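Q:
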Amino acid sequence: MASNSSINKLLFLFISSFAIIGLAIAGDPDILTDFVIPANQTNPIIDGNFFTFTGMRVLVGSDPPPAFKVLKASMVEFPALNGQSVSYAVLEFPVNGTNPPHTHPRASELLFLFQGTLQVGFVDTTNKLYTQMLQVGDLFIFPKGLVHFQYNADPKNPALAVSAFGSANAGTVSVPNSVFTTGIDDNILAQSFKIDVATIQKIKAGLAPKP
Numbered sequence: 022m023a024s025n026s027s028i029n030k031l032l033f034l035f036i037s038s039f040a041i042i043g044l045a046i047a048g049d050p051d052i053l054t055d056f057v058i059p060a061n062q063t064n065p066i067i068d069g070n071f072f073t074f075t076g077m078r079v080l081v082g083s084d085p086p087p088a089f090k091v092l093k094a095s096m097v098e099f100p101a102l103n104g105q106s107v108s109y110a111v112l113e114f115p116v117n118g119t120n121p122p123h124t125h126p127r128a129s130e131l132l133f134l135f136q137g138t139l140q141v142g143f144v145d146t147t148n149k150l151y152t153q154m155l156q157v158g159d160l161f162i163f164p165k166g167l168v169h170f171q172y173n174a175d176p177k178n179p180a181l182a183v184s185a186f187g188s189a190n191a192g193t194v195s196v197p198n199s200v201f202t203t204g205i206d207d208n209i210l211a212q213s214f215k216i217d218v219a220t221i222q223k224i225k226a227g228l229a230p231k232p
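Those letters in the sequence shown? Residues 22 to 232, per the numbering used here, in order.
#1: Distance, Cα to Cα, T147 vs V168?
#2: By DSSP's criteria, Q154 is part of a beta bridge. Which residues make up the other side?
#3: Between which two residues does the alpha helix (DSSP H) harbouring T220 extend?
#4: Quick one, which of F163, P232, L181, T75 has its alpha-carbon nearest V91's?
#5: Quick test of the definition: if touching needs 3 or more C-beta pairs under 8 Å, does the segment 139–156 touch the segment 94–107?
#6: Considering just the uninterrupted stretch of the alpha helix (DSSP H) at P199, what are its terminal residues?
#7: Within this structure, are the beta carbons of L134 and L112 separated by less than 7 Å?
#8: Please list the terminal residues of the continuous beta strand (DSSP E) segment that includes Q171.
#9: Taking only beta-carbon atoms, is D51 less than 7 Å away from chain B?
#10: Bridge partners for K93 per DSSP, in chain order?
#11: I think P126 touches G166, with their Cβ atoms under 8 Å apart; what is that distance to the nearest whole Å?
#12: What does the Cβ neighbour count give for V183, buried or exposed, with the cut at 16 atoms within 10 Å?
#13: DSSP has H125 in a bridge; who is on the other side?
#14: By alpha-carbon positions, which one of E130, I216, S83, K223 ends up nearest to A191?
#15: Let me know the secondary structure DSSP gives L53 once reduced to three states.
#16: Determine the direct distance from the alpha carbon of F201 to that of K225, and round the result to whole angstroms.
#17: Between the alpha carbons of I221 and S199, how many angstroms are there, rounded?
#18: Around the Cβ of F72, are there at least 16 other Cβ atoms within 10 angstroms (buried) or fewer (exposed)?
#19: Provide the residue span of the beta strand (DSSP E) that contains F214, from first to last.
#20: Work out the CA separation of N178 and I209 for me, nearest whole Å.
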């Protein structure tokens, strides 16, 4: 018999799927066919399997991850989404887990909190910060292209959320990684952040991939 945790996760995915419908009028180009068959497939078999994504099954009965984790269903993982203007992500936050500041250049994000509490926020183009502490059942919209974050400040309990995007390929630009791991000159960053080069180098070292 399925555990309460498993049932809750399945219910969470079902409920949050309605959020995707609300974003289906988003900005991807219209297609002139019912759906798009991947160009790299020769004589593909198109049946129900093509329109089914099973990558979220790992959530059923699973324990919270040791670090923040994202499970995505975009057109990269789920090619049938190409042309459908929707995608999906499940966000798992352990205690003190953070989804660092980032942007989605091609879509807004509608987040539904299913478990725990979550501190969220975004910064608009006037540099005004909007924040909220979400409770279970809350939804929060992150406008397209704006820097935003999520943080589980609860010292005892994990958090679980689902995000719907108005694009099959919303894209993600990590602010820390795009600034400090892409080869921008140390002197430029030091002057921009009004700190010394040594501090910039320490930040870069902290963000460098672990061997």
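Ideal Cβ placement from N, Cα and C applies to all residues, glycine included. Computed from a prediction, not measured in an experiment: that's the story for all the values here.
A: This is what the structure gives:
#1: Your numbering for residue 147 matches position 126 in the sequence shown. Your numbering for residue 168 matches position 147 in the sequence shown. Distance between the alpha carbons of T147 and V168: 12 Å.
#2: Here residue 154 refers to the residue found at position 133 when the sequence shown is read from its first residue. The sequence shown places Met at residue 154, rather than the Gln named in the question. Answer is Q140.
#3: Counting from 1 along the sequence shown, the entry for residue 220 is found at position 199. If you look at T220, you'll find it in the alpha helix (DSSP H) that goes 218–228.
#4: Taking the sequence shown and counting its residues from 1, the one referred to as residue 91 is at position 70. Of F163, P232, L181, T75, the residue nearest in Cα terms is L181.
#5: no
#6: Along the sequence shown, read from residue 1 onward, the residue named residue 199 stands at position 178. The identity of residue 199 in the sequence shown is Ser, whereas the question assumes Pro. Run containing S199: 196–201, per the alpha helix (DSSP H) assignment.
#7: The sequence position of residue 134 within the sequence shown is 113, counting from 1. The sequence position of residue 112 within the sequence shown is 91, counting from 1. Result no, Cβ atoms of L134 and L112 do not sit closer than 7 Å.
#8: Here residue 171 refers to the residue found at position 150 of the sequence shown. Per DSSP, Q171 belongs to the beta strand (DSSP E) from 168–172.
#9: The question asks about chain B, but that chain is absent: this structure has only one protein chain.
#10: Numbered from its first residue, the sequence shown carries residue 93 at position 72. Per DSSP, A110.
#11: Translated into the one-based positions of the sequence shown, residue 126 becomes position 105. Translated into the one-based positions of the sequence shown, residue 166 becomes position 145. Their Cβ separation, rounded to whole angstroms, is 6 Å, which keeps P126 and G166 in contact under 8 Å.
#12: Counted from its first residue, the sequence shown places residue 183 at position 162. Classification of V183: buried, given that the 10 Å Cβ count is 16 or more.
#13: Position 104 of the sequence shown, counted from the first residue, corresponds to residue 125. Bridge partners of H125: none, in fact.
#14: Counting from one through the sequence shown, the residue named residue 191 turns up at place 170. Nearest option by C-alpha distance: E130.
#15: The residue you call residue 53 lines up with position 32 of the sequence shown. It is coil, neither helix nor strand.
#16: As a working note, residue 225 is residue 204 in the sequence shown. As a working note, residue 201 is residue 180 in the sequence shown. So the alpha carbons of these two residues sit roughly 5 Å apart.
#17: In the sequence shown, residue 221 corresponds to position 200, counting from 1. In the sequence shown, residue 199 corresponds to position 178, counting from 1. Their Cα atoms are separated by approximately 14 Å.
#18: In the sequence shown, counting from the first residue as 1, residue 72 sits at position 51. Exposed is the call here.
#19: Counting from 1 along the sequence shown, the entry for residue 214 is found at position 193. Element bounds for F214: not the beta strand (DSSP E) but the alpha helix (DSSP H), 207–214.
#20: On the sequence shown, position 188 is the one that residue 209 refers to. On the sequence shown, position 157 is the one that residue 178 refers to. Those two C-alpha atoms are separated by around 41 Å.
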